[in-house]
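Engineer: Chains as they are written, first to last, in our numbering: chain A, 1 to 417; chain B, 1001 to 1230.
Where is the CB? At the ideal position from N, CA and C, for every residue including glycine.
After the structure tokens below, expect a handful of questions from me.
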Amino acid sequence: MLRGPRLYVMAWRNLWRNRRRTIITVSSLAFGVMMAVVFTGLTDQSLGDAIDLAARMSNGHVTIQAHDYRDSPSLERTVDGNAELRARLASDRDVARVVPRISGQMVAATASDSFGAGFVALDPALDDQESFTPLGQIVEGKLFARDDAQGIVLGKVLAHNLGATVGKKVVYTMTDKHGEIVSGLGRVTGILATGSPSADAALCLLPIAAVRKLLGYGPDEVTQLAVYLRDQRVAEAAARRLGRVVPPGAVALDWAEVNPDLAGFVSVKVAGSEVIEAFVILLIAAGIFNTLFMSVMERLREFGILLAIGFSPGRLFRLVVWESLWLALVGLASGVVVTLPLYRWLHTHGIDMTSRVGGNKVEIAGAVMSMVVRATIYPDHAVVIALAIVGVTMLSGIYPAWRAARVQPVDAIKLGY
Amino acid sequence: MSDAVVVMEHVSKQYRQGATEVPALRDVSFTIERGEFAALCGPSGSGKTTALNLIGALDRPSSGIIRVEGRELGTLSRGELSVLRRDRIGFVFQAYNLVPVLTAYENAEIVLALQGAAAAARQKTVMHVLDEVGLGGMEQRRPDALSGGQQQRVAIARAVASQPAIILADEPTANVDSQTAEKLLDLMETLNRDKGATFLFSTHDPRVMARARRLLTMVDGRIAKDERRS
């Protein structure tokens, strides 16, 4: 059956009247999609990694601790991390794991030397390298067992400075809950190398049960409950929610509050990416505007004729808007086609920056980053890019469409005679 | 009783060219009755096309009144004029002016589609009209695949398909050869005679003037002679 013209059909055909110009515009749109997806993917992956790594190097995406711990960290400031509270926290939709920790400062000493260090006391049955990255970075020996009251794991540089090796004794001294100095005897079960100079020179791992006993803590008493989320991007909202279930005197802080250096770095990187993307989109918009405007100006006479035979100005406006929409959709589809192979390669293999940076790891605000740069875009960011491309293209078409609708038929028809 | 399709009463039109006003129409009055086959003729610049544009609601007069089927154009909004052009006026232009991205069928159908006619009714009407103008079998051709004469036939089909009150034809034979011009005139005469379509031409083509049953001769923006023929 013969079908009559619809605006979207006319617009589609109009788009291909100047095939070369349309192809050039579609190419610029596709390039814009590629740039935006790759930039955003690289940023999403690197910042997501940095935040996750920082969470796994410290006390989670959300940290439950005494309300005054952040301003004045002390082993005297604790929370009761009982099983009921942990279960309530773990039942939140975004929470993947809740782990009890005690962390603080101590002095480690051997027969040959002594050094100040930071310690993290953990339960080997509840923690693993997914929640605490250094557990996967033990390069000599192994992690102490849960019932090992004397086990201790030292950072590689600290062990070297102390002259400690696996099996050697280390005395650690700290201040207990009541402000008294207490000491414990440990025997080195493992040595870890994180790649972070600061961690390797000052990190000790201790069994949480032994530390509780040494510090005079109750059976569930901790300085932190480390909460790990399925997606770090919801940390702020999750912290707000979890803050409502913690006991009085405790607070739930997201990673940005616990690690403001990293939060500042992330903000600067995100802002920089947004400026670059806005600039790219602006350039694309200028190109699209030029195409649509030229296309309208070349057809003023035709628009006059359409008005003469009964097109309303509104219908002409919609015709040009349809042309913008088609241009956006074709550009977007082309963008997906050209971006997919590059994105998949960047996602799977990435770019190895080792030779440029001169090392295989770099520390950013406490997070040790890999030098292989990969791209993984969050689905909602991909949707935003798609909507931005379509939106910018449509906006670029508004003035040309308005111009088309403003045509005076008698003046337009005179053109070309 | 009079059945006036177009009434022009003391219509004048001036165009501004820089600081000066150039009169294109001066106090023009005439009436076109339903079923007429009339032509505005005269030399270039005499005001023929201006008069056609004013009747077609493509332009507004500087003074005077124009009525199409009793509706005074000066009182209508831009949107109402658009609807009037769509529903009651057909246009045939010198340069055909088909929509290049539409097929012959779609060009002929476009006004009916704009009017919101049902698809089945549109198809029946358009196929019939294209057949009448001698373009049966060429429905799917785009304008660039049609000769000048064929394009003008599509333009005529577009103009008559919606059965407007009047068809305004501005130099419809100017861009075609003599033989094609005669065929086009035969076609328009047939539509006038058999379908009762009202035609008003703007022309200085002697072939059109010879066929017109009423000849309004314009000189310097005025009607110099109004001649009716049997």
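Which same chain residues, not among the five before or five after residue 14 (chain A), have their C-beta less than 7 Å away from its C-beta?
Structural biologist: Taking the first sequence and counting its residues from 1, the one referred to as residue 14 (chain A) is at position 14. Excluding sequence neighbours, residue 14 (chain A) sits near 323.
Engineer: For residue 1086 (chain B), which residues in chain A fall below 9 Å Cβ to Cβ?
Structural biologist: Here residue 1086 (chain B) is taken as the residue at index 86 of the second sequence, counted from 1. In chain order: 309, 310, 311, 312.
Engineer: With distance defined between alpha-carbon atoms, name the residue in A:114, A:115, A:80 nearest to residue 99 (chain A).
Structural biologist: For this step, residue 99 (chain A) is matched to residue 99 along the first sequence. Nearest C-alpha to residue 99 (chain A): A:80.
Engineer: Is residue 291 (chain A) near residue 86 (chain A), with beta carbons less than 7 Å apart?
Structural biologist: Mapped onto the first sequence, residue 291 (chain A) falls at position 291. Mapped onto the first sequence, residue 86 (chain A) falls at position 86. Not a contact, by the Cβ cut-off of 7 Å.
Engineer: Measuring CB to CB, does residue 1098 (chain B) end up less than 7 Å from residue 1057 (chain B)?
Structural biologist: Sequence index remark: in the second sequence, residue 1098 (chain B) carries index 98 (1-based). Sequence index remark: in the second sequence, residue 1057 (chain B) carries index 57 (1-based). Taking 7 Å as the Cβ cut-off, residue 1098 (chain B) and residue 1057 (chain B) do not qualify as a contacting pair.
Engineer: Got a sec: is the Cβ-Cβ distance from residue 1053 (chain B) to anything in chain A below 7 Å?
Structural biologist: Counting from one through the second sequence, the residue named residue 1053 (chain B) turns up at place 53. Chain A contact via Cβ: present.
Engineer: In whole angstroms, what is the alpha-carbon distance linking residue 340 (chain A) and residue 93 (chain A)?
Structural biologist: Numbered from its first residue, the first sequence carries residue 340 (chain A) at position 340. Numbered from its first residue, the first sequence carries residue 93 (chain A) at position 93. Rounded to the nearest angstrom, the two C-alpha atoms are 32 Å apart.
Engineer: Say whether chain B places a C-beta atom closer than 7 Å to the C-beta of residue 10 (chain A).
Structural biologist: As a working mapping, residue 10 (chain A) is identified with position 10 in the first sequence. With 7 Å as the cut-off, residue 10 (chain A) counts as an interface residue toward chain B.
Engineer: Over what stretch of residues does the beta strand (DSSP E) that includes residue 100 (chain A) continue unbroken?
Structural biologist: In the first sequence, the residue the question calls residue 100 (chain A) occupies position 100. Taken as a continuous stretch (DSSP letters only), the beta strand (DSSP E) holding residue 100 (chain A) covers 95 to 109.
Engineer: If residue 1040 (chain B) and residue 1216 (chain B) are in contact, beta carbons under 8 Å, what's the gap, nearest whole angstrom?
Structural biologist: For the purposes of this step, residue 1040 (chain B) is taken as the residue at position 40 of the second sequence. For the purposes of this step, residue 1216 (chain B) is taken as the residue at position 216 of the second sequence. Going by Cβ atoms, the distance from residue 1040 (chain B) to residue 1216 (chain B) rounds to 5 Å, so yes, they are a contact pair.
Engineer: Does the segment 185 to 200 of chain A come into contact with the segment 131 to 140 of chain A, if we say contact requires no fewer than three beta-carbon pairs (one atom in each stretch) closer than 8 Å?
Structural biologist: yes
Engineer: Name the chain A residues that come within less than 9 Å of residue 1111 (chain B), Cβ to Cβ?
Structural biologist: On the second sequence, position 111 is the one that residue 1111 (chain B) refers to. Within 9 Å Cβ-Cβ: 309, 310.
Engineer: Helix or strand or just coil, what does DSSP make of residue 166 (chain A)?
Structural biologist: Locating residue 166 (chain A) in the first sequence gives position 166, where the first residue counts as 1. Three-state DSSP puts residue 166 (chain A) in coil, outside helix and strand.
Engineer: So, does the segment 1008 to 1019 of chain B touch the segment 312 to 328 of chain A, judging by three or more C-beta pairs under 8 Å?
Structural biologist: no
Engineer: In whole angstroms, what is the alpha-carbon distance linking residue 1072 (chain B) and residue 1065 (chain B)?
Structural biologist: Numbered from 1 along the second sequence, position 72 holds the residue referred to as residue 1072 (chain B). Numbered from 1 along the second sequence, position 65 holds the residue referred to as residue 1065 (chain B). Computed Cα separation, rounded: 7 Å.
Engineer: Could you give the first and the last residue of the continuous beta strand (DSSP E) run that contains residue 64 (chain A)?
Structural biologist: Here residue 64 (chain A) is taken as the residue at index 64 of the first sequence, counted from 1. Segment 62 to 66, the beta strand (DSSP E) holding residue 64 (chain A).
Engineer: Roughly how many angstroms lie between the CA atoms of residue 49 (chain A) and residue 108 (chain A), to the nearest whole one?
Structural biologist: In the first sequence, residue 49 (chain A) corresponds to position 49, counting from 1. In the first sequence, residue 108 (chain A) corresponds to position 108, counting from 1. Approximately 32 Å, taken between the alpha carbons.
Engineer: Between A:216, A:143, A:390, A:118, which lies nearest to residue 333 (chain A) when the distance is taken from Cα to Cα?
Structural biologist: As a position in the first sequence, residue 333 (chain A) is number 333, starting the count at 1. Of A:216, A:143, A:390, A:118, the residue nearest in Cα terms is A:390.
Engineer: Report the residue ranges of all alpha helix (DSSP H) runs contained in full by the segment 273 to 360 of chain A; include only those spanning at least 4 residues, in chain order.
Structural biologist: 300 to 308, 313 to 348, 354 to 357
Engineer: Rounded to whole angstroms, what is the Cα-Cα separation between residue 1221 (chain B) and residue 1047 (chain B)?
Structural biologist: In the second sequence, residue 1221 (chain B) corresponds to position 221, counting from 1. In the second sequence, residue 1047 (chain B) corresponds to position 47, counting from 1. About 5 Å.
Engineer: Under 7 Å Cβ-Cβ, which residues of chain B neighbour residue 409 (chain A)?
Structural biologist: Locating residue 409 (chain A) in the first sequence gives position 409, where the first residue counts as 1. Ordered by position in chain B, the residues that pass the 7 Å Cβ test against residue 409 (chain A) are 1058.
Engineer: Quick one: is residue 1001 (chain B) near chain A, going by C-beta distance under 7 Å?
Structural biologist: Working through the second sequence from its first residue, we reach residue 1001 (chain B) at position 1. Residue placement at residue 1001 (chain B) is poorly supported in this model, since its pLDDT is 46, which falls under 50; the coordinates are not used for a value here.
Engineer: In the DSSP assignment, the alpha helix (DSSP H) including residue 9 (chain A) goes from what residue to what residue?
Structural biologist: Translated into the one-based positions of the first sequence, residue 9 (chain A) becomes position 9. Per DSSP, residue 9 (chain A) belongs to the alpha helix (DSSP H) from 7 to 15.
Engineer: Which of helix, strand or coil does DSSP assign to residue 1019 (chain B)?
Structural biologist: Here residue 1019 (chain B) corresponds to residue number 19 of the second sequence, with the count starting at 1. Here residue 1019 (chain B) sits in coil by DSSP.
Engineer: If you draw a straight line from the alpha carbon of residue 226 (chain A) to that of residue 284 (chain A), how long is it in whole angstroms?
Structural biologist: As a working note, residue 226 (chain A) is residue 226 in the first sequence. As a working note, residue 284 (chain A) is residue 284 in the first sequence. Approximately 45 Å, taken between the alpha carbons.
Engineer: Extract the residue ranges of the alpha helix (DSSP H) inside the segment 1137 to 1223 of chain B, only unbroken runs of 4 or more that lie entirely within it.
Structural biologist: Within the segment 1137 to 1223 of chain B, the complete alpha helix (DSSP H) runs of at least 4 residues are 1148 to 1161, 1178 to 1195, 1206 to 1211.
Engineer: Whole angstroms is fine: what's the gap from residue 170 (chain A)'s alpha carbon to residue 376 (chain A)'s?
Structural biologist: The sequence position of residue 170 (chain A) within the first sequence is 170, counting from 1. The sequence position of residue 376 (chain A) within the first sequence is 376, counting from 1. Cα-Cα distance, rounded: 44 Å.
Engineer: Let me make sure I understand the geometry here. Which of A:281, A:62, A:159, A:247 has the alpha-carbon closest to that of residue 111 (chain A)?
Structural biologist: As a first step, residue 111 (chain A) must be located in the first sequence, where it is residue number 111. Measuring from the Cα of residue 111 (chain A), the nearest candidate turns out to be A:159.
Engineer: Determine whether the beta carbon atoms of residue 78 (chain A) and residue 253 (chain A) lie at a separation below 7 Å.
Structural biologist: In the first sequence, counting from the first residue as 1, residue 78 (chain A) sits at position 78. In the first sequence, counting from the first residue as 1, residue 253 (chain A) sits at position 253. The answer is no: Cβ separation not under 7 Å.
Engineer: By DSSP's criteria, residue 224 (chain A) is part of a beta bridge. Which residues make up the other side?
Structural biologist: Position 224 of the first sequence, counted from the start, is the residue given in the question as residue 224 (chain A). DSSP, once it has assigned bridges, lists A:101 as partnering residue 224 (chain A).
Engineer: Are residue 1049 (chain B) and residue 1205 (chain B) touching if we call contact CB-CB under 7 Å?
Structural biologist: Position 49 of the second sequence, counted from the start, is the residue given in the question as residue 1049 (chain B). Position 205 of the second sequence, counted from the start, is the residue given in the question as residue 1205 (chain B). Taking 7 Å as the Cβ cut-off, residue 1049 (chain B) and residue 1205 (chain B) do not qualify as a contacting pair.
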